[in-house]
Each structure stands twice: as structure tokens, then as C-alpha cells.
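Chemist: Here it is, the structure in full.
Numbering (this note's numbering), first residue to last: 13 to 735.
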């Protein structure tokens, strides 16, 4: 394949490279103008991580010609081939860009009128004879569109940038909100610093207080229309429906055959010697997965196959396509699979595909002595401290709570619900966490009572506690660590009430596992051989024996915890090593069966995702924050959801309205239920602005506890004045 000379520099160092398609040629766009796109053009964007791994995007403007669209596809395929098929490829369309793409341009992207055909160039000059008006939309996905320089383009609900070269005016409508103003300010500063090389001044003006220079250009202000809500609120219903197809060129022409008609899919449906299409057309997306041993023609024809699929299905021609090599799957793609395991990521060879932020989220071993100095470690392991604070536990009884005897702390029964109050100090401040543990066999009334009692307990302490809802068997690491040298023990059913006369099953099996924080827990599982796991220790109690089964990957700590569990069950346990089991061991479990013998199950750190939940559009919707999020992305007038895969945090801003506050748990629940992977039952923590625990703040780089002491917009204005 012939390569363009521009590719000689492609992917040589980490960062962003942008080229514009100019009459079947490629021209680089200067770094200062990255994020500017002419609506009549097509572009190729390459993002290289330090791993290295590559994302290649084609971007098509609304007014781009058919020829330019075609040329962009050819260049994207060539660049993929030049980088030996390693990149992930994305097709992007104006106003519909992927979260991955928007993440490269933190202060937003700008759509400029015109294009190469009408002689418009991407040039950085000292010329300050600029005259343009930008209409800024979005709270998180920031897009600024060039519109006619006239009052007819304005409305009261949005922010605009009146760019007059030497002077950049940030104009805010009387109905615009603070968070949108903040984002528009960032964009105005970006224009000043990059496009003008600092040779311009930013001025903040509000509707009705326009200075002479602005009136000179626009004339006197007429009555403006109110803001219009064009934020697209989409129903969640069918967005997570997908089907899976095998691509083959066996008969010399590309054919697709359905493998599964609905998700979640199983990972082993993907054979490494084939290529597949995952059809999520309901959400305007198509994914192509390339097996590493698939034949070269199938791999190279991935984009063509996806385009043909879109045509055959009669999908809109701006349906997004994501193409990925095995090992380089995007988060969105993995979501459609039940419990996707990044096998290669845990065993090492696929370092090349640790994409973007994950390349820096190395798994950090846990060390309790560095908890407060290593916030990233605290977040990764879900720890707010070392668990040495004060613990109080109540069991839900009827509609009330009864104190649990401290001698039985650490034991939870599936027929009960519990409130665990943990109090600790961070610096000079007292902090509280309420864990609401809900057994799988407790009554509906107790479930409802546990939620109600949690709110009451929080209110009695001034409403500053972090509330964490825990489902049986999915206990977060910090809760596990509260019982010191004892493991946390979860009984499958039963209750810890005195008057209970429930008979215990005669054969019981407990699974003992040490978490990444070195705390152990013992969870009762179904007494069958398929429950075993080579990485752990199990305790089996049958009417005539008590056996401690040691898996090959077991640790000494797990063995010690198993002995404690054996003592709770009564009697002395006989130790048995994996592969040396006596026949009565298998007999007690109902016969020998296959069980998990793979050692690659240690969890990898997944890139966390942040969503803003807002009803500013009149409907409650969740929108992802693109790119590397920061504390500034937490909008104080919204509820935010932070998804770290095995835990969900709901962050409630102080200025969030009642509908957002009361609806937040339902949003988090809906968000989980609509997860295409079928992920369920993970802990949901409800935290308030200003009361964030380490397990939350550690996901944010350079968290500043004093950030909200002063109005952020005010701070921005001071920064502009200092310039």
C-alpha cells in the first residue's frame, strides 16, 4: 500500500496530530489550532499514548463533499496499515463526536464556517483583524459554532463569544447558567492563549451591559428570544440493545452471519481467527473487532465491511464506526459483554493496548502506611483509611434497629439487613460512613426499613455521612477491613437473631479470598464443586467431616482466615491440597465438576468514568464527561455519577435541585440496569459536596478540599484580570 509522506511523523511521539484533507492530499493543522474544524472539510486525527497505543479518527464536517468523505476513509485505512493494524479507528461526524474524541479538546471544539474549497486556511498569524461570533453549547460536551455576526443569532439562555481580534468578549445571556459560563470562559481563555498567542484581552460581559465596541459591530440590542433547549434527551430503553455478527470473505465477498441476537455476549464468542461486527445501530454505533489471527484481507477490509453493513441495514450514513484489534477494545465495546476479562492485561503481553489514561493507572500494591499520602492507591483499593476507626452495627428488626453484640461483629447473615456506622478522623475533621448491608434473603419490609433507617441515622448526625448500599457478597474492600485480624464472614441465609430456630443446612461451603488490601472475607457459596477456585481457600463442612481445601494460588493469610471460619463451624479441620482430595470431599459436594482453574483473574484497574446528571433540559439525563476529568468537572448545581467499575459513587452538589437529589439513587440504579454487560448489585455510595472520602477524591488528580470555599467563576474572572 502506498503511504502518504505525512505518515513518516505519525505516532512517533505521544500526543495529538491533526491533518486536514485538501483535494486528496493531507496538510497538518498547527498545534495552536487543534480543536478548530471547518464545517466544509474532512480531517484525520491521531492520538498516540506513551504505551504506545493509537487512536485514529476521521472527522467529517456537515458540508464536506462526497470526495472528501471518501478520501478521509482511504487515509484512515492507510494510516491503520502504516501502524501495522494496531490503532483503534473511529469515524466522527460534526455534532456527534465520540466521548473519546471530545476528550482531546478539554476546553471544547470550534466549528468554523467554510473550508478548503472556499479558500479558508488553518494559519496562525499575528493578524488581529478577526471578526466572528461563536455560539457555545453544552455543559460537558462543549461545542462552539460560528454563526452570523448579528443579534439574530443570540438568545437569553446561552453564552456567546464575540471575537474581535484584540478583544474577546464572553457574553452571557440572562438565563444562562453558571457552569455553562465557566466552560465558555475556559474556551475564551483558550482562544486568547493559543490562537492569539496571548495578544488579546478577554472581557466578561452580561446581557444588557455591552460596551461601545460591541454595539459598534452589532448595533443596539433588540429584544432577545428566551433560551431554547436543544440538548437531546434520549430514552435509555433501546440504547443498550445489540447483536453480534461474524464477518467472513470465504466465498470471495464479504458476508456477515449472526452469532447472537442480543447482549450481554460471552467473551468466548469472539474467535481470534475471525473478525466480527457488533451492531448497536439503535444507538447509532457499529463496532468491528479484529481477531489477531484473522486473515489479512478481512482485517484490512474492516472499515469497508462496516460501511457495507450500514448500507445493507439502511442505517443513517453518519452512523459511528469503531474498529479495534483484539486487546485494544474500547470501554463502550467491552460493556456489551458479560464480565469482560482483560486476560492479556493481567498477564502482560498486551501492554501496547493499555489505552489513554489506563496506561497511567498502573495497579498500585496496597500499603496502609501510605494511605494519606498516596490518594490514587486509596481510590484504586476503595479505602478511606486503614479501618482503625470506631464501628457500630445494628440489625434491622421490624421497622427499627437493634444493636448487634460486638463479639459477633464481622458476621453477616443472608436473612438480615444491617447498618454499619464507621466513624474516623481525617486531619481534625470527624467523618462518617454508613454501610447498609442487605441480605439476599431478608424480607421486602426490612429492605425498605434499612433504606429509611439509613437516612434517619445520617440526619441525626447532621446529614454529612457517606451512605454506601451493599449487596450480600459484593462488600467493598473498606468494609471488609473493619474487622482487623478477623475475616468478614457472610452466611448464605439464616439470621443472627437470638430467637431464630432456623435449621442450618448440613453441608456448607465457604469461599475465603484475600482482597487487594490484604483483608480477607469468607462468603458462603453453594456446596458444589463448580464453586471452587484455584486462587483461593475453601472450608467444607459436611455431617461427618470438616475440610480446609487449599487452592494452588492460596495465600497464608487466606489459610489463617479459613482456620477461623472452621472454628466458627465447630471442630478441627483436615487440610487438603488441590489435586490431592480424598473421595469423600467430592462426594460431599455432589461429585467432581469443572471449576475455575485460570490464574488470570486478578482484576485490572479500569479507567473510571464520570457522568453529570441534570434536569436543566426539563428531563433528567446523564451525560459523560469526556477525557481526563478534574474536580472542576463536578458541577455544584448537578448530581454526578463516578463509575469505577466495581463501585458507583453518587456525588450531590450543594446547589443541585430537589428533583436531582431525590432522583439520584434512581439514576444510578437505572444507569446500572441499562449497562449492556448485565453488571448488577455493586456498591452504590451517596456522598455530599465537601464531605468526600479518600476513596472518591483519589480518582481526581490534585484534589483541592478548599476549591469550593470561593466561587469558581469569580476565581476565573480574577485570573483574566491578572493577565
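Yeah, the Cβ is synthetic: ideal placement off N, Cα and C, and Gly gets one too.
In chain order, which beta strand (DSSP E) runs of at least 3 residues are fully inside the stretch 99-141?
Modeler: 100-105 and 121-124
Chemist: Using 8 Å as the threshold, is the stretch 70-77 in touch with the stretch 42-55, meaning 3 or more CB pairs across them?
Modeler: Yes: the two stretches touch, three or more of their Cβ pairs being nearer than 8 Å.
Chemist: Just confirm the distance between the C-beta atoms of residue 182 and residue 216, as a whole number of angstroms; I'd bet it's less than 8 Å.
Modeler: Along the chain shown, one-based indexing puts residue 182 at 170. Along the chain shown, one-based indexing puts residue 216 at 204. Correct: roughly 5 Å between the Cβ atoms.
Chemist: I want to know whether the stretch 642-660 touches the stretch 181-195 - three or more CB-CB distances under 8 Å.
Modeler: yes
Chemist: May I ask which residues mark the beginning and end of the alpha helix (DSSP H) holding residue 601?
Modeler: For the purposes of this step, residue 601 is identified with residue 589 of the chain shown, where counting begins at 1. Careful: residue 601 lies outside any alpha helix (DSSP H) and carries neither H nor E.
Chemist: State the DSSP-derived secondary structure class of residue 727, mapped to helix, strand or coil.
Modeler: For this step, residue 727 is matched to residue 715 along the chain shown. Helix.
Chemist: Consult DSSP for residue 71 and reduce its assignment to one of helix, strand or coil.
Modeler: As a first step, residue 71 is located in the chain shown; it is residue number 59 there, counting from the start. If DSSP states are grouped into helix, strand and coil, residue 71 belongs with the strands.
Chemist: What did DSSP end up calling residue 469 once you bin it into helix, strand or coil?
Modeler: The residue labelled residue 469 in the question sits at position 457 within the chain shown. Helix.
Chemist: Do the stretch 58-65 and the stretch 296-308 meet, that is, are 3 or more Cβ pairs less than 8 Å apart?
Modeler: Segments in contact, no.
Chemist: Identify, in the order they occur along the chain, each residue of the same chain with its Cβ nearer than 7 Å to the Cβ of residue 420, setting aside the five sequence neighbours on each side.
Modeler: The residue you call residue 420 lines up with position 408 of the chain shown. Same-chain partners within the cutoff: 508.
Chemist: Which residues share a DSSP beta bridge with residue 314?
Modeler: As a first step, residue 314 is located in the chain shown; it is residue number 302 there, counting from the start. DSSP output for residue 314 lists no bridge partner at all.
Chemist: Beta carbon of residue 481, beta carbon of residue 695: below 8 Å?
Modeler: Taking the chain shown and counting its residues from 1, one reaches residue 481 at position 469. Taking the chain shown and counting its residues from 1, one reaches residue 695 at position 683. Yes, the pair counts as a contact, with Cβ atoms nearer than the cut-off.
Chemist: Per DSSP, what kind of secondary structure is residue 176 in: helix, strand or coil?
Modeler: Position 164 of the chain shown, counted from the start, is the residue given in the question as residue 176. Coil at residue 176, not helix or strand.
Chemist: Give the secondary structure of residue 159 by DSSP, where H, G and I count as helix, E and B as strand, and everything else as coil.
Modeler: Stepping through the chain shown from its first residue, residue 159 is reached at position 147. If DSSP states are grouped into helix, strand and coil, residue 159 belongs with the strands.
Chemist: Report all residues from its chain with a CB closer than 7 Å to the CB of residue 427; omit the five preceding and five following residues, and keep chain order.
Modeler: The residue given as residue 427 occupies position 415 in the chain shown. 451, 453, 454, 505, 506 and 507, listed in sequence order.
Chemist: Can you tell me whether residue 337 is helix, strand or coil according to DSSP?
Modeler: Within the chain shown, the letter at position 325 stands for residue 337. In the structure shown, residue 337 sits in a strand (DSSP, three-state: E or B).
Chemist: Can you tell which of 173, 168 and 153 has its C-alpha closest to the C-alpha of residue 159?
Modeler: Reading the chain shown from its first residue, position 147 is the one you call residue 159. Looking at the Cα atoms, 173 is the closest of the given residues.
Chemist: Using a Cβ-Cβ cut-off of 8 Å (strictly less than) and excluding sequence neighbours within five positions of residue 562, which residues of its own chain qualify?
Modeler: The residue given as residue 562 occupies position 550 in the chain shown. Excluding positions up to five away in sequence, the list reads 549, 571, 587, 588, 589 and 590.
Chemist: Less than 7 Å between C-beta atoms, sequence neighbours within five positions excluded: which residues of the same chain meet that for residue 129?
Modeler: The count along the chain shown starts at 1 and reaches residue 129 at position 117. Excluding positions up to five away in sequence, the list reads 52.
Chemist: Within the same chain, show all residues whose beta-carbon is closer than 6 Å to that of residue 626, passing over the 5 residues directly before and after it, in chain order.
Modeler: For the purposes of this step, residue 626 is taken as residue 614 along the chain shown, with counting starting at 1. Closer than 6 Å at Cβ, skipping near neighbours: 650.
Chemist: Looking only at its own chain, which residues have a Cβ that is under 7 Å from the Cβ of residue 490, when we skip the five neighbours before and after it?
Modeler: In the chain shown, counting from the first residue as 1, residue 490 sits at position 478. For residue 490, where only same-chain residues beyond five positions count, the Cβ hits under 7 Å are 394, 395, 396, 399 and 707.
Chemist: Locate the beta strand (DSSP E) running through residue 571, then write down its first and last residues.
Modeler: Here residue 571 is taken as the residue at index 559 of the chain shown, counted from 1. Looking at the DSSP string, residue 571 is not in any beta strand (DSSP E); the run it does join, the alpha helix (DSSP H), is 568-581.
Chemist: Going by beta carbon distance, what residues of the same chain come within less than 6 Å of residue 698, once the five residues before and after it are set aside?
Modeler: What you label residue 698 is simply residue 686 of the chain shown in a count that begins at 1. Hits under 6 Å: 479 and 662.
Chemist: Among the candidates 157, 87, 184 and 178, whose CA atom is the shortest distance from the CA of residue 169?
Modeler: Your numbering for residue 169 matches position 157 in the chain shown. When each option's Cα is compared against that of residue 169, the closest is 184.
Chemist: In whole angstroms, give me the CA-to-CA distance for residue 275 and residue 340.
Modeler: Reading the chain shown from its first residue, position 263 is the one you call residue 275. Reading the chain shown from its first residue, position 328 is the one you call residue 340. Cα to Cα, the separation comes out at about 20 Å.
Chemist: Using the C-alpha atoms, what's the distance from residue 106 back to residue 124?
Modeler: Within the chain shown, numbered from 1, the residue matching residue 124 stands at position 112. Within the chain shown, numbered from 1, the residue matching residue 106 stands at position 94. Using only the alpha carbons, I get a separation of about 11 Å.
Chemist: Give the range of the alpha helix (DSSP H) segment to which residue 32 is assigned.
Modeler: For the purposes of this step, residue 32 is taken as residue 20 along the chain shown, with counting starting at 1. Residue 32 -> not in any alpha helix (DSSP H); beta strand (DSSP E) instead, spanning 27-34.
Chemist: Does residue 680 come out as helix, strand or coil in the three-state DSSP assignment?
Modeler: Here residue 680 corresponds to residue number 668 of the chain shown, with the count starting at 1. Looking at residue 680 - three-state DSSP - the assignment turns out to be helix.
Chemist: Sorted by chain position, which residues of the same chain lie with C-beta nearer than 6 Å to residue 528's C-beta, five sequence neighbours on each side aside?
Modeler: On the chain shown, residue 528 is found 516 positions in, with the first residue counted as 1. So the list reads 378 and 393, once near-sequence residues are dropped.
Chemist: Go ahead and pull the three-state DSSP assignment for residue 448.
Modeler: Here residue 448 corresponds to residue number 436 of the chain shown, with the count starting at 1. In the displayed model, residue 448 falls within a strand according to three-state DSSP.
Chemist: Assuming contact is defined by CB atoms lying nearer than 8 Å, are residue 539 and residue 567 in contact in what I supplied?
Modeler: Mapped onto the chain shown, residue 539 falls at position 527. Mapped onto the chain shown, residue 567 falls at position 555. Taking the C-beta atoms as reference points, residue 567 is found no nearer than 8 Å to residue 539.
Chemist: What residues in its chain sit with their C-beta under 8 Å from that of residue 737, if we drop five residues either side in the sequence?
Modeler: One cannot answer for residue 737 here, as it falls past the ends of the chain, which runs 13 to 735.
Chemist: Whole angstroms are fine: how far does the CA of residue 406 sit from the CA of residue 500?
Modeler: Position 488 of the chain shown, counting from 1, holds the residue named residue 500. Position 394 of the chain shown, counting from 1, holds the residue named residue 406. Cα-Cα distance, rounded: 16 Å.
Chemist: Identify every residue that forms a DSSP beta bridge with residue 289.
Modeler: Looking up residue 289 in the chain shown gives position 277. 257 and 300.
Chemist: If we call anything under 8 Å between Cβ atoms a contact, is residue 503 one with residue 623?
Modeler: On the chain shown, residue 503 is found 491 positions in, with the first residue counted as 1. On the chain shown, residue 623 is found 611 positions in, with the first residue counted as 1. Going by C-beta atoms, residue 503 is not nearer than 8 Å to residue 623.
Chemist: Using 8 Å for Cβ pairs, my map puts residue 350 next to residue 413. What's the rounded Cβ distance?
Modeler: Position 338 of the chain shown holds residue 350. Position 401 of the chain shown holds residue 413. Incorrect: roughly 37 Å between the Cβ atoms, too far for contact.
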